[in-house]
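Each residue of the sequence shown is one higher than the one before, counting from 7 in the working numbering. Glycine included, every Cβ here is placed at the ideal spot set by N, Cα and C. Scroll down for the structure; my scribbles are underneath it.
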Amino acid sequence: MNFERLSSNIIAVIGEVLKNQTLCNYIGWNGDNPSTQNVAPSVIAPKGSGERVSPYPFDVTFKEDVRTQLHIYYPKLVFKNNGHAGMAVILFDIVVHKDIWLVMDDGKKIIRPYQIAQLILETFKDKNVEGLGEIHFMEAEHTVVNENFEGFRIVATTTEF
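This is the structure we're talking about:
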């Protein structure tokens, strides 16, 4: 992967996330029935007025608000050929306040971070992200962030063209 494209690749991934309206609703709406809401993607996007999707890790000292956040970033890179990163790993950190982990949607109890994870996988299934290629999901794990927030981390790699 050309090092110069790192920023544009993460921005492209975030752009794909923001195209999924149901995913935006689950991230941007704290109450029940998120799938029936209409949270504007521009509001939760980076630099949006209610920013909840970020291209950097979650701040573990953040405790002020009940909310969901999605952080998409490279945790580390391995270089080869002096200017290219080898197989890049992308993390999707779904971080949810404990008060809103369980949600009612369409009359069913749903665990919000697991639903968000499913929506992320659906968003990228059989899809090539422009300039990046295919995203391959490798594993996921529960993460404890602080006393108010816990999350679900999805680890992915890419197949670049």
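The bridge partners DSSP lists for Asn134 are Glu140. Each of Asn39, Ile106 and Val95 was checked against the Cα of Ala146, and the nearest Cα belongs to Val95. If you draw a straight line from the Cα of Thr28 to the Cα of Pro47, it comes to about 10 angstroms. Distance check between Glu153 and each of Ile117, Val102 and Leu125 places Val102 closest, using alpha-carbon atoms only.
A contact is defined here as three or more CB-CB pairs under 8 angstroms, and the segment 24-44 meets this definition with respect to the segment 119-136. In this structure, the alpha-carbon of Val150 lies about 6 angstroms from that of Gly157.
Taken atom to atom, the span from the alpha-carbon of Gln43 to that of Met93 is near 37 angstroms.
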